[in-house]
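See below for the structure under consideration.
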Amino acid sequence: MRRPKTLGLLVAVLLGASVLAACGSGDTVSGGKVKVVFWHGQNDAAKKTIDGLIADFNRTHPNIEVDGNLGGVLADQMTTKVTAALAAGSYPDVAYIFGSDLANIARSPKVLDLTDTVHANGFGWDDFWPAEQQAASVDGRVRGMPALVDDLGIVYNKKLFDAAGIGYPNDSWSWDDFRTAARKLTDAGSGTFGTGWPGAGAEDTVWRLWPMLWQQGGDILNPDHSATAFDSPQGRTALSLVHDMAAVDKSVFVDSDPSSQRMNQLFNDGKMGMLVAGPWALPDIVDAKIDYGVTGLPGFGGNHTTISGADDWVLFDNGSARSKATIEFITWLTDPAQDIRWTQGVDNLPIRRASLKEPGYQDFVKRVAGIQVFVDNLPGARARPAVAAYPKVSAAVGQALVGSLLGQTDPATALHKAAQDGDTALKGP
Amino acid sequence: MSTSLRRRLLGEHPSGWGLVLPASVLILGLNIGPMVWAFLLSLRHDDLLAPSKWVGLANYRRLAEDPVFRAAIGHTLNYTALFVPLSIAIGLGIAMMLNQPVRFAGFYRTCVFVPFVVSAAAEGALFSFVFDPHYGVANAALARVGIGPQGFFQDPRQAMATLVAISLWGGIGLCVVVLLAALQDVPTHLVEAARLDGAGRRAVFRHVTLPAITPVLVFLLVWQTLQALQLFELVYTTTNGGPLRATTVVVFYVYQQAFQQFDAGYGAAVAYVVAVAVFGLAVARLVLRRMRGRAG
Amino acid sequence: MTTMARRRGGRVPTLGRGEGGDDRPKGRSRRRLLPFNPWHLALAPMAVLFALPLVWLGLSSFMSNAEINRFPPALFPSSPHLDGYTYVLRNAEFPVWFGNSCLVAGATVLSNLVLCSLAAYGFARMRFRGAGVVFGLLMATLVVPFQLTMIPTFLLMRQLGLTDSLPALIVPNLVSAFGVFLLRQFFLALPPEFEDAARIDGCTRLGVLIRIVLPLARPALATLAVLTFLTTWNDLTWPLIVISTEHNYTLQLGLTTFTGQHRSQWSAVMAGNVLTTLPVLVAFLVGQRNFVASLTSSGLKG
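See below:
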C-alpha cells in the first residue's frame with residue numbers, strides 16, 4: 003500500500019512534538035541540590051510574598067532548591083488535584099490543604115507524620131494557636147503544619163447602622179440582638195440586607211453554624227467521634243435562628259454562588275449591614291472605601307466562642323533526602339521572622355504568637371483596621387473535628403442549612419435527617 | 578490459501594485494519610485499561626489515598642438504596658429530555674427563519690453562534706449574576722412585563738430549568754449553523770417539484786426537507802445527547818449541585834463522591850451503572866432496528 | 037451533487053456578507069405591510085437575547101476592579117478602565133499560556149482530522165473481520181464519563197513520563213470516537229460512484245480517500261475541527277489535574293489563578309475571559325465563510 007507522504011509527515015511531526023516537549027523535567031537539580039516541589043495554592047499578592055520567601059530560602063540554603071507552584075487555588079480543585087496526584091504516585095513535596103480535608107488526605111501513607119518534628123526542642127509547637135494544633139492533628143498525630151489561620155467575626159457598615167438608628171454591634175451582643183439589627187437594617191426598596199449567608203451548601207455554608215452550637219454547650223460530634231451530636235436542642239435552636247432570619251425576616255442575602263464571594267461584594271457596595279466573615283474580607287472592604295467596624299461573634303448566654311479555620315502545609319514522602327529538605331523549608335517558613343512577612347502579604351492572621359512581637363506587626367494592624375479583633379479572638383477559637391468523615395457530615399448539614407435558608411424545609415426535620423446521614427458516614431463502610 | 582477462504586477468514590478488505598488501527602488502538606487503549614481499572618475500583622472501598630479494601634458488590638448494593646443516586650439519574654434524564662429536543666427544535670426554527678431571504682442573516686447567525694464558543698467557566702460567572710433573584714437582570718426584565726421575582730438557582734423547582742436555559746443559550750448556535758447549512762443544501766429542484774405537485778409548506782417540509790436533513794439531525798441528536806449526559810462544568814460553576822441537590826446530575830455526583838467526599842470506589846460504581854445502562858440502551862436500539870430491518 | 041450546489045451558489049446567500057435582500061428572487065416578494073421583512077420581528081430580539089450577555093461581558097472587562105468587585109455589578113463602566121487587561125497582560129506567563137492553548141488545540145485538531153478520517157473511511161467503505169465489533173467498542177467508549185477514567189489516564193500519562201507537560205494534554209485527545217462516528221456517517225452518505233471510478237483509474241484506497249473523499253468531506257471535517265478545537269480550548273478539568281507548572285498552563289487553567297479562595301481579581305477574570313474567547317471568536321468570524329460555505333457545498337447528507 004502506498005503511503006501518502008503528507009499523512010506520514012503529519013504523524014511524524016505530531017509524535018516528534020510530543021517527545022520533544024516531554025523532555026526537560028527531572029527530580030533533582032544539577033549540582034547536588036535537593037529539589038523541593040511546593041504547591042502553595044496562592045495567587046496575586048500572596049503569591050508574590052511566597053515567591054519572595056522562596057527566593058530568600060533558596061539563597062540562604064545552597065543545598066536545597068524550592069520550586070514553588072500555584073497548584074490549584076480553589077478548595078475543591080486543590081483537593082482533587084492532590085488526590086489525583088497521590089493516586090497516581092506523582093505528587094509534590096508539600097501542598098496547601100484545607101483544614102476540612104486534612105483528615106482524609108492524611109489517610110495516605112505518603113503524608114509525613116510531623117509529630118516528632120514539632121515536639122523537638124526549640125520548635126515551639128505551643129507557640130501556635132490551639133485551634134491550629136487541633137486542626138493539624140489527626141488521631142493524636144500531627145499531620146500538617148499550620149499555613150493559614152482565620153476566625154469568624156462581624157464586620158459592619160457604620161453608615162447603614164447610623165441611618166437605621168441602631169447602635170454598633172459589640173462583643174456583648176446576643177444572637178437575638180444580631181437578628182433584630184439585621185431585620186431593621188433590611189430594606190427591600192433599596193435592596194439592602196441585614197446580613198448574608200453562603201447558600202451553596204459547601205463547607206463555607208456549614209462552618210458558620212458550629213460556633214452557634216458550641217456557644218450553647220452543644221457539639222458537632224460525640225467525644226469519641228463515633229456519632230453526630232448536633233441533632234440536639236442546641237442544634238435546633240441554632241438552625242431555627244438561621245431559618246427564621248432568612249425565611250421569616252428575609253434579612254439574609256443567601257449567596258448561592260459556589261465561590262460565596264457575592265455577599266462580600268454586596269457588602270462592598272454598601273448594601274449589607276453586617277457580614278459574618280474572617281480577616282480575609284477586610285482588604286477588599288478597605289479598597290471599596292466602606293466605613294466599617296469589626297467585632298466578635300454574637301453569643302448565647304454570654305458565650306462568644308468563635309470558629310477558626312486553619313489550613314495546613316501537608317508534606318509528602320518523596321524519599322528521605324527530600325523529606326528532610328522539605329521539613330527544613332517548612333520549619334523555616336513558619337518561623338516568626340518569615341511568618342510576619344507571610345501575614346503581611348496575605349493580609350491574614352499571624353499563625354503563631356511570637357509573630358505578634360515582630361517589628362512589622364504593629365504596622366500591619368494599623369494598615370488593616372479591625373484585624374486586631376480577629377487576632378484577639380484566636381486563642382479561644384475552636385476548630386472543626388479532624389475526622390475523615392467530616393466532608394460527608396458537612397455535606398449533610400449543608401443540605402439542612404440550604405433547606406432552612408431557602409425556607410424549603412423545617413429546621414428540626416432537616417437537622418434530624420442530616421444527623422442520620424452523618425451517623426451513616428461516621429460508621430464507615 | 579484460496580482467495581475465497583482468505584476472504585471468509587479476514588473479510589473482503591483486510592487492509593481496512595490498517596486504516597482503523599491507529600485510531601482504534603488509541604481510543605481503546607486510552608479507555609479499556611482505565612475502564613478495567615475503574616471497574617476494579619468500584620469493587621473496593623477506596624478513597625484513592627489509603628490502601629483500599631475489597632468489598633465485592635457492596636458499592637453496587639449501596640447504590641440500589643441511595644436516594645441521591647436515584648435523584649441524580651432523574652436529574653440527568655430531565656436535563657437531557659429538555660436540552661436535546663429543545664436545542665434541536667429551536668435551532669431548526671431559527672435555521673429555517675434564517676434560510677428565508679432575509680437581510681443580515683449572516684449577522685443573526687453569528688449572534689446565535691457566538692455563545693457556543695464561551696467556556697462553561699465564563700458562562701457560570703456571567704449567569705450567576707443574570708439570574709440572581711434580588712439583583713439579576715432576569716428578574717428586572719420579568720418585572721417590566723409584570724411577572725413577580727423568581728428564585729432561579731435558589732428555587733429547587735427552577736434550578737434545573739435555569740440550567741437548561743443557560744445550556745440552550747450556549748448550545749443552540751451549533752444546531753443553527755449546522756442545520757442552516759443542511760437546509761441550504763436541500764435540492765431546490767425537489768422542493769420546486771413538490772410545490773408544482775401542489776404540496777403545501779408543511780407537506781414540503783415533511784416529505785422533502787426533513788428527509789434531506791435527517792443525517793444532520795442524527796448527528797446533532799448524538800452530539801447533544803452526549804453533551805447532556807456528561808453535563809458537569811456548568812453545574813460546578815453555577816450551582817454546585819444545589820439547591821437541595823436539585824441539580825446534582827450523575828457526573829457531578831461521581832465527581833462529588835470521588836473528590837469531595839473521598840469515596841472514589843462508590844463514585845466508580847455510580848459511573849459504571851450509568852455507562853452500562855446507556856450502552857445497553859444504545860445496543861437495544863440497534864438490535865431493534867436490525868430486527869425491524871429484517872422483518873421489513 | 038457538487039455541480040448542482042455550485043450552480044445554486046449564486047442564489048443561495050453566501051454567508052458572512054450582508055446578504056439576502058437584493059438578490060431575492062423576484063417571484064417571492066410579497067406585499068409589504070412593514071417597511072422591512074417581518075422575520076426581523078422574531079430574529080432581532082433573538083439576536084439581542086443571544087448577544088447581550090456577551091456584550092456585557094465585554095463591557096465589564098473595562099470596569100475597574102473596585103467597580104466590578106461590587107454586587108450587583110454596574111451595567112456600564114463609569115469610564116473605560118484597563119485594570120483587568122493590565123493585570124492579565126502584565127502577567128509574564130500569559131503569552132505562554134496562549135501559545136500552549138494554541139499548540140494543544142492545534143495539535144489535537146490536526147491529529148483528529150487525520151486519524152478520524154482514516155478510521156472512519158475504513159469503517160465506512162471496507163469490509164474486514166471484526167470491523168463491527170471494533171466499531172461497537174469505539175462507540176461504547178462515548179458513554180464513559182471522563183471523571184471515571186481521569187485517574188487511570190493520569191496513571192497512564194505518568195507511565196509515559198508525560199505528567200505536567202503539554203503532550204499530556206494532547207495524547208488522551210489525539211483521536212475521538214465521536215469524530216470517527218461523525219466522519220463515518222458522512223462517508224457512508226457519499227455516493228460510491230466517484231470512488232469506484234477512481235479505483236478503476238488505479239488509485240489506492242488511501243489515494244481515493246485523500247483525492248476524492250476528503251475534498252468532498254470538507255463540511256464534516258470543518259465541523260469536527262470546530263468541535264474538537266472548542267472542546268480542547270475550553271477544557272479545564274483535565275489540565276487542572278495533569279498540569280502543575282505555570283509554564284505549562286493553558287489559558288483556561290491560567291484564568292482560574294485570578295480567582296482566589298476569598299478574594300478574586302474580577303476585572304482580570306473578565307478581561308481574561310474576553311482575551312480567551314476573542315481569538316476563537318475572530319477565528320470563527322473569519323473562517324465562518326469557509327466553514328459554512330463548505331457545509332453548503334455538499335452538506336452532511338444521506
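Which chain is which? The protein sequence lines are U, B and W, in order.
Everything in the first sequence is counted per our numbering, starting at 3 for the first residue and increasing by one.
Everything in the second sequence is counted per our numbering, starting at 578 for the first residue and increasing by one.
Everything in the third sequence is counted per our numbering, starting at 37 for the first residue and increasing by one.
Each residue gets a CB set at the ideal place from its N, CA and C atoms; glycine is no exception.
Going along the chain, which unbroken runs of the alpha helix (DSSP H) with 4 or more residues stay wholly within the region 354-406 of chain U? Listed in chain order, the complete alpha helix (DSSP H) runs (minimum 4 residues) inside the region 354-406 of chain U are 363-369, 373-379.
In terms of residues, what are the limits of the alpha helix (DSSP H) holding B/Tyr830? Taking the second sequence and counting its residues from 1, the one referred to as residue 830 of chain B is at position 253. Where B/Tyr830 is concerned, the enclosing alpha helix (DSSP H) stretches over 827-832.
Could you tell me whether any Cβ in chain U is nearer than 8 Å to the Cβ of B/Pro726? The count along the second sequence starts at 1 and reaches residue 726 of chain B at position 149. Cβ-Cβ to chain U under 8 Å: no for B/Pro726.
Closest by C-alpha distance to U/Ala383, when choosing among U/Ile342, U/Ser310, U/Lys394: Position 381 of the first sequence holds residue 383 of chain U. Here the closest residue by C-alpha is U/Ser310.
Between which two residues does the beta strand (DSSP E) carrying U/Asn71 extend? Translated into positions along the first sequence, residue 71 of chain U becomes position 69. Counted as a single uninterrupted DSSP element, the beta strand (DSSP E) harbouring U/Asn71 occupies residues 66-71.
Beta-carbon contacts of W/Arg60 that lie in its chain and below 6 Å, excluding the five residues immediately before and after: The residue given as residue 60 of chain W occupies position 24 in the third sequence. With a pLDDT of only 42 at W/Arg60, under 50, the local geometry of the prediction cannot be trusted, and the value read off the model is given with reservation. In its own chain, leaving out the 5 sequence neighbours on each side, no residue places its CB closer than 6 Å to the CB of W/Arg60.
Taking W/Trp269 and W/Ser137 to be in contact with their CB atoms under 8 Å, please state how far apart those CB atoms are, rounded to whole angstroms. Position 233 of the third sequence, counting from 1, holds the residue named residue 269 of chain W. Position 101 of the third sequence, counting from 1, holds the residue named residue 137 of chain W. About 6 Å separates the two Cβ atoms, so the contact holds.
Pick out the complete alpha helix (DSSP H) segments inside the region 781-813 of chain B, 4 residues or longer, and give them in chain order. Listed in chain order, they are 787-806.
Supposed contact pair U/Trp315 and U/Tyr98 - C-beta distance, whole angstroms, cut 8 Å: Translated into positions along the first sequence, residue 98 of chain U becomes position 96. Translated into positions along the first sequence, residue 315 of chain U becomes position 313. Contact holds; Cβ gap of about 6 Å.
Should U/Ser228 be labelled buried (16 or more other beta-carbon atoms within 10 Å of its own) or exposed? Here the question's residue 228 of chain U lines up with position 226 in the first sequence. The C-beta of U/Ser228 has fewer than 16 other C-beta atoms within 10 Å across all chains shown, which makes the residue exposed.
With 9 Å as the C-beta to C-beta threshold (strictly closer), list the residues of the region 592-606 of chain B near chain A in chain order. In the structure shown, chain A does not exist; the protein chains are U, B and W.
Check the Cβ of W/Leu218 against every Cβ in chain B and list those closer than 7 Å, keeping chain order. As a position in the third sequence, residue 218 of chain W is number 182, starting the count at 1. Result: Phe796.
Distance, Cα to Cα, B/Leu634 vs W/Ser212? The count along the second sequence starts at 1 and reaches residue 634 of chain B at position 57. The count along the third sequence starts at 1 and reaches residue 212 of chain W at position 176. Near 32 Å, if we compare the C-alpha coordinates of W/Ser212 and B/Leu634.
State yes or no: is the C-beta of B/Gly668 within less than 8 Å of the C-beta of B/Val793? Stepping through the second sequence from its first residue, residue 668 of chain B is reached at position 91. Stepping through the second sequence from its first residue, residue 793 of chain B is reached at position 216. The answer is no: Cβ separation not under 8 Å.
Tell me, please, whether the CB atom of U/Asp259 is closer than 8 Å to any CB atom in chain B? Sequence index remark: in the first sequence, residue 259 of chain U carries index 257 (1-based). With 8 Å as the cut-off, U/Asp259 counts as an interface residue toward chain B.
Tell me the residue span of the beta strand (DSSP E) that contains U/Trp199. Translated into the one-based positions of the first sequence, residue 199 of chain U becomes position 197. DSSP places U/Trp199 in the uninterrupted beta strand (DSSP E) bounded by 197-200.
Can we count U/Val288 as close to the ligand SAM, meaning its CB is less than 7 Å from some heavy atom? The ligand SAM is not among the ligands present in this structure, which contains no ligands whatsoever.
Neighbourhood of U/Ser20 by C-beta distance below 6 Å, restricted to the same chain and skipping five residues each side: Translated into positions along the first sequence, residue 20 of chain U becomes position 18. Residue confidence for U/Ser20 is low, a pLDDT of 41 falling below 50, so the modelled location carries little weight and cannot support an answer.
DSSP state of U/Gly295, grouped into three classes? Translated into the one-based positions of the first sequence, residue 295 of chain U becomes position 293. Of the three classes helix, strand and coil, the one that applies to U/Gly295 here is strand, per DSSP.
Taking C-beta pairs closer than 9 Å, name the residues in chain W that B/Gly588 reaches, listed in chain order. Locating residue 588 of chain B in the second sequence gives position 11, counting from the first residue. For B/Gly588, the chain W residues whose Cβ falls inside 9 Å of its Cβ are Met162, Arg163, Phe164, Arg165, Gly166, Ala167, in order along the chain.
Straight-line CA distance for B/Lys630 to U/Pro213? The residue labelled residue 630 of chain B in the question sits at position 53 within the second sequence. The residue labelled residue 213 of chain U in the question sits at position 211 within the first sequence. One C-alpha to the other measures close to 36 Å.
So which residues on chain U does W/Arg194 lean against when the C-beta distance must stay under 8 Å? Start at 1 with the first residue of the third sequence, and residue 194 of chain W comes out as number 158. Counting only Cβ-Cβ distances below 8 Å, W/Arg194 has contacts in chain U at Ala90, Gly91, Ser92, in chain order.
So, is the C-beta of W/Val316 closer than 8 Å to a C-beta in chain B? On the third sequence, residue 316 of chain W is found 280 positions in, with the first residue counted as 1. Taking Cβ atoms only, chain B reaches closer than 8 Å to W/Val316, which makes this a yes.
If you pair each beta-carbon of the region 418-425 of chain U with each one of the region 172-186 of chain W, do three or more pairs fall below 8 Å? With a cut-off of 8 Å on Cβ pairs, the region 418-425 of chain U is not in contact with the region 172-186 of chain W, counting fewer than three such pairs.
Closer than 8 Å to chain B by CB, W/Val132: As a first step, residue 132 of chain W must be located in the third sequence, where it is residue number 96. Output row for W/Val132: interface = no.
When you compare each of B/Val741, B/Thr814, B/Pro788, B/Ala672 to B/Thr653 by their alpha carbons, which one comes out closest? Within the second sequence, numbered from 1, the residue matching residue 653 of chain B stands at position 76. For B/Thr653, the nearest C-alpha among the options comes from B/Val741.
Does U/Thr51 pass the burial test, meaning 16 or more other C-beta atoms within 10 Å, or should it be called exposed? Reading the first sequence from its first residue, position 49 is the one you call residue 51 of chain U. Classification for U/Thr51: buried.
Ends of the alpha helix (DSSP H) at U/Phe269? Walking along the first sequence from the start, residue 269 of chain U turns up at place 267. Unbroken alpha helix (DSSP H) run through U/Phe269: 264-270.
Quick check: B/Leu617 and U/Arg109, are their CB atoms within less than 8 Å of each other? Residue 617 of chain B sits at position 40 when you count from the first residue of the second sequence. Residue 109 of chain U sits at position 107 when you count from the first residue of the first sequence. No, Cβ-Cβ distance for B/Leu617 and U/Arg109 is not below 8 Å.
As an exercise, report each continuous beta strand (DSSP E) stretch of at least 3 residues that is fully enclosed by the region 57-143 of chain U, in chain order. Counting only runs of 3 or more residues that sit fully inside the region 57-143 of chain U, the beta strand (DSSP E) segments are 66-71, 96-99, in chain order.
Can you tell me whether W/Ile277 is buried or exposed? The criterion is at least 16 other CB atoms within 10 Å of its CB, across all chains shown. Mapped onto the third sequence, residue 277 of chain W falls at position 241. Under this definition W/Ile277 is a buried residue.
By the three-class DSSP mapping on this structure, what secondary structure does W/Tyr123 have? Walking along the third sequence from the start, residue 123 of chain W turns up at place 87. DSSP places W/Tyr123 in helix when its eight states are reduced to three.
Could you please give the first and the last residue of the uninterrupted beta strand (DSSP E) stretch that includes U/Leu317? Here the question's residue 317 of chain U lines up with position 315 in the first sequence. In the DSSP assignment, U/Leu317 falls within the beta strand (DSSP E) that extends over 310-317.
When the Cα atoms are used, what is the spatial distance from B/Glu642 to B/Asn636? Within the second sequence, numbered from 1, the residue matching residue 642 of chain B stands at position 65. Within the second sequence, numbered from 1, the residue matching residue 636 of chain B stands at position 59. Roughly 10 Å between the two C-alpha positions.
Under 9 Å by beta carbon: chain B residues contacting W/Leu173: Position 137 of the third sequence holds residue 173 of chain W. Those within 9 Å of W/Leu173 in chain B are Ser601, Ile604, Leu605, Asn608, Ile609.
Could you tell me if B/Glu769 is buried or exposed, where buried requires 16 or more neighbouring beta carbons within 10 angstroms of its beta carbon? Stepping through the second sequence from its first residue, residue 769 of chain B is reached at position 192. B/Glu769 is exposed by the Cβ-count criterion.
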